[in-house]
């Protein structure tokens, strides 16, 4: 029967029409997801590719107590840029917690509190004491399909930016949680073709039908940085910090990663296969070499200056606290489909030591401050959702 | 396979995508869905490329991604073979009626199998994997593969029973031999 069944199965596939695969898209999507994973997790599943971990000398920390927060302690924790995460309506930071009014689908942290989107696509700002709606990103943004724009909320210091739909047409909006003030400018494209790529102090980097535009959020002026045709998607601006632009540039021999003050200048990151985050002081870029080992590159010389030490668990840095300290998450399994729990750590580059913060968080209920919602699970179509026992 | 080399990955993907698509099709019963599965699985393989070290490992990783994605997805969405007859591949004309009947029987029988049994049957009898490699692809123990294959073949036989008086008696006999 083995032969017969094998023959029957083979015959069943012989007449299968030849499938057309988009190999370039595999590479493009893979690079895009890797870039996002380097900032944290993607699709609600733990990152599984950065093996360069510094989970050495793990010291348990009392974060898990999570007593109700006091206003002053909360303010200090956010001002100190300490790691945070959310679950349901609860925000956790520095061993404290507080409730917001709506279930958090995606959020970012600022130096003042959190700005989050709920399931209706409304944008809310909360400092743990008071809460107000500050915008609307729409339902599609909080229930994205794979391939939809990734960065929904972008934070820098006390500011948060997004593509707002409050006035029916798309506009770029930056909200300053320290002053409770917003500024907006119209986008020249539909919401699904308008992107806020980055935020750096008073500068916002926006992409629409005009090209990549530097928008000064103080005086409202705009400067074209890249043309409409020079669109590399999210990789045209991987991060903006301290006046520096981290981006990918196509070359004849392949793409390179560059960082500098403009698109015409800057250092090439030598030996970097990927890069995704500039440290808060603008000294280093967090990236990876060809072997998935995470490290730091000097923004001035482009030379790799530090490796993150290795460890047994898979580990992904996702948040910089200062130029020497970062938060990361670890998982135990390589297969991201099977990851159910994550643990959060803080680590020092200078000492290669980490401290565990929150342990064994259920991945499906944990939201990290990455600014985007999990993509809908693959695939988007399929059989009717009729429950059926497996056997 | 040092580093994430897009060219090396693309060469691998082009060489193996047709075979992987066929395997995925047998697991999900729909050509278009199988294509989506393979596209997604190969994207994951590209992401994991630097730690796969060889094409054999890369193919095993892709098979695992296809299998676990198909199983987990059908678990979430429910599985009663709704896709089994969607977009069946067009056969070239003038086929013998018996062969056509066998293929229709197989398609129908596979559609009735729960996802893990279907995956196990496909990996063992189409991809020709060992029990250990099948277990790796399904992320389960070898013993689980044995039980899933056994249960799957038993259900295929049960599905076959009403047809045994017809033109596929030979297959029926062979099925009984293997699973006794």
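Protein chains in written order, with our numbering: chain A, 1 to 391; chain B, 1 to 180. Here a beta-carbon is modelled for each residue, glycine too, at the ideal position from N, C-alpha and C.
Are the beta-carbon atoms of residue 114(A) and residue 91(A) separated by less than 8 angstroms?
Stepping through the first chain from its first residue, residue 114(A) is reached at position 114. Stepping through the first chain from its first residue, residue 91(A) is reached at position 91. Yes, they are a contact pair.
On the premise that residue 129(B) lies in contact with residue 137(B), defined as a C-beta separation below 8 angstroms, what is that separation, rounded to the nearest angstrom?
Along the second chain, read from residue 1 onward, the residue named residue 137(B) stands at position 137. Along the second chain, read from residue 1 onward, the residue named residue 129(B) stands at position 129. That belief holds up - the Cβ atoms of residue 137(B) and residue 129(B) are roughly 7 angstroms apart, short of 8 angstroms.
Entirely within the segment 118 to 187 of chain A and at least 3 residues each: give me those beta strand (DSSP E) ranges in chain order.
122 to 126, 131 to 136, 154 to 156, 159 to 164, 171 to 176, 181 to 186
Closer than 8 angstroms to chain A by CB, residue 53(B)
On the second chain, residue 53(B) is found 53 positions in, with the first residue counted as 1. No, residue 53(B) does not count as interfacial toward chain A.
Identity of the residue in 160(B), 156(B), 16(B) nearest residue 120(B) by Cα:
Counting from one through the second chain, the residue named residue 120(B) turns up at place 120. Ranking 160(B), 156(B), 16(B) by Cα distance to residue 120(B) puts 156(B) first.
Would you tell me roughly how many angstroms separate the C-alpha atoms of residue 320(A) and residue 209(A), rounded to the nearest one?
For the purposes of this step, residue 320(A) is identified with residue 320 of the first chain, where counting begins at 1. For the purposes of this step, residue 209(A) is identified with residue 209 of the first chain, where counting begins at 1. Roughly 33 angstroms separates the two Cα atoms.
If you reduce the DSSP assignment to three classes, tell me which class residue 345(A) lands in.
In the first chain, residue 345(A) corresponds to position 345, counting from 1. Reduced to three states, the DSSP call for residue 345(A) is strand.
Can you give me the Cβ contacts of residue 6(A) inside the same chain, cut-off strictly under 7 angstroms, excluding the 5 residues immediately before and after it?
Counting from one through the first chain, the residue named residue 6(A) turns up at place 6. Taken in chain order, the list of residues that qualify is empty.
Any idea which residues DSSP pairs residue 226(A) with across the strands?
Taking the first chain and counting its residues from 1, the one referred to as residue 226(A) is at position 226. For residue 226(A), which the question treats as bridged, DSSP gives the partners 212(A).
So for residue 28(A), helix, strand or coil by DSSP?
Within the first chain, the letter at position 28 stands for residue 28(A). Here residue 28(A) sits in helix by DSSP.
Identify the contact partners of residue 6(A) in chain B, using a Cβ-Cβ distance below 8 angstroms as the criterion.
The residue labelled residue 6(A) in the question sits at position 6 within the first chain. The contacting residues are 125, 126, 128.
Can a CB atom of chain B be found closer than 8 angstroms to the CB of residue 9(A)?
Residue mapping note: residue 9(A) aligns to position 9 of the first chain, counting from 1. By this cut-off, residue 9(A) is an interface position.
Contacts around residue 44(B), its chain only, beta-carbon distance under 7 angstroms, and the 5 residues preceding and following it disregarded
Sequence index remark: in the second chain, residue 44(B) carries index 44 (1-based). 65, listed in sequence order.
Taking 6 angstroms as the limit between beta carbons, can you name the residues of its chain near residue 256(A), skipping five residues before and five after?
To locate residue 256(A), count along the first chain from 1; it is residue 256. Closer than 6 angstroms at the Cβ level, and outside the excluded window around residue 256(A), lie 249, 268.
Give the DSSP-derived three-state secondary structure of residue 46(B) in the structure shown.
For this step, residue 46(B) is matched to residue 46 along the second chain. It is helical.
CB contact check: residue 275(A) to chain B, cutoff 8 angstroms:
Numbered from its first residue, the first chain carries residue 275(A) at position 275. Not one chain B Cβ lies under 8 angstroms of residue 275(A).
Just to confirm, are residue 9(A) and residue 126(B) a CB contact at a threshold of 8 angstroms?
Position 9 of the first chain, counting from 1, holds the residue named residue 9(A). Position 126 of the second chain, counting from 1, holds the residue named residue 126(B). It is a contact, given that the beta carbons lie within the stated cut-off.
Could you tell me which of 28(B), 133(B), 72(B), 10(B) sits nearest to residue 107(B), measuring between CA atoms?
Residue numbering aside, residue 107(B) sits at position 107 when the second chain is read from its first letter. Residue 107(B) has its Cα closest to that of 28(B), out of 28(B), 133(B), 72(B), 10(B).
Pairwise C-alpha distance: residue 103(B) and residue 20(B):
Numbered from 1 along the second chain, position 20 holds the residue referred to as residue 20(B). Numbered from 1 along the second chain, position 103 holds the residue referred to as residue 103(B). Computed Cα separation, rounded: 20 angstroms.
At a Cβ threshold of 8 angstroms, is residue 21(B) touching chain A?
For the purposes of this step, residue 21(B) is taken as the residue at position 21 of the second chain. Yes, residue 21(B) counts as interfacial toward chain A.
Put residue 326(A) into one of helix, strand or coil per three-state DSSP.
Taking the first residue of the first chain as position 1, residue 326(A) is located at position 326. The answer is strand: DSSP assigns residue 326(A) an E or B state.
Leaving out the 5 sequence neighbours to the left and right, which residues in its chain are closer than 6 angstroms to residue 279(A) when beta-carbon positions are compared?
Reading the first chain from its first residue, position 279 is the one you call residue 279(A). Cβ within range, chain order: 320, 323.
Say whether chain A places a C-beta atom closer than 8 angstroms to the C-beta of residue 171(B).
In the second chain, the residue the question calls residue 171(B) occupies position 171. Any reading at residue 171(B) must be qualified, since the residue scores a pLDDT of 46, below 50, and its modelled position is unreliable; no value is offered.
Quick one: give me the first and last residue of the alpha helix (DSSP H) that residue 6(A) is part of.
Position 6 of the first chain, counting from 1, holds the residue named residue 6(A). 2 to 14 is the span of the alpha helix (DSSP H), which, as asked, contains residue 6(A).
Chain B contact residues for residue 23(A), given Cβ-Cβ distances below 7 angstroms
Position 23 of the first chain, counting from 1, holds the residue named residue 23(A). Under the 7 angstroms cutoff, chain B gives 10, 13, 14.
Whole-angstrom distance between residue 161(A) and residue 184(A), CA atom to CA atom:
Position 184 of the first chain, counting from 1, holds the residue named residue 184(A). Position 161 of the first chain, counting from 1, holds the residue named residue 161(A). Whole-angstrom Cα-Cα distance: 9 angstroms.
If you measure from the beta carbon of residue 31(B) to each beta carbon in chain A, is any gap under 8 angstroms?
Here residue 31(B) corresponds to residue number 31 of the second chain, with the count starting at 1. So yes, residue 31(B) belongs to the interface.
Using a Cβ cut-off of 7 angstroms, pull out every chain B residue sitting near residue 392(A), in sequence order please.
The structure shown has nothing for residue 392(A), since chain A only spans 1 to 391.
Inter-residue spacing [alpha-carbon to alpha-carbon] between residue 360(A) and residue 14(A)
Walking along the first chain from the start, residue 360(A) turns up at place 360. Walking along the first chain from the start, residue 14(A) turns up at place 14. Those two C-alpha atoms are separated by around 47 angstroms.
Residues sharing a beta bridge with residue 276(A), DSSP:
By 1-based counting over the first chain, the position of residue 276(A) is 276. The partner list for residue 276(A) (beta bridge, DSSP) is empty, contrary to what the question assumes.
Could you tell me which chain B residues have their CB closer than 8 angstroms to the CB of residue 27(A), listed as they occur along the chain?
For the purposes of this step, residue 27(A) is taken as the residue at position 27 of the first chain. Residues of chain B passing the Cβ test: 6, 9, 10, 46.
Name, please, each residue of chain A whose Cβ falls closer than 9 angstroms to the Cβ of residue 107(B).
For the purposes of this step, residue 107(B) is taken as residue 107 along the second chain, with counting starting at 1. The answer, in chain order, is 12.
Could you give the DSSP three-state label for residue 127(B): helix, strand or coil?
Within the second chain, numbered from 1, the residue matching residue 127(B) stands at position 127. Coil at residue 127(B), not helix or strand.
CB-CB length for residue 25(B) against residue 16(A), believed under 8 angstroms
For the purposes of this step, residue 25(B) is identified with residue 25 of the second chain, where counting begins at 1. For the purposes of this step, residue 16(A) is identified with residue 16 of the first chain, where counting begins at 1. About 6 angstroms; that satisfies the 8 angstroms criterion.
If the criterion is Cβ atoms closer than 8 angstroms, does the pair residue 239(A) and residue 298(A) meet it?
As a first step, residue 239(A) is located in the first chain; it is residue number 239 there, counting from the start. As a first step, residue 298(A) is located in the first chain; it is residue number 298 there, counting from the start. No. Outside cutoff.
Restricting to Cα atoms, I'd like to know which of 51(B), 70(B), 131(B) is closest to residue 118(B).
Counting from 1 along the second chain, the entry for residue 118(B) is found at position 118. Nearest C-alpha to residue 118(B): 70(B).
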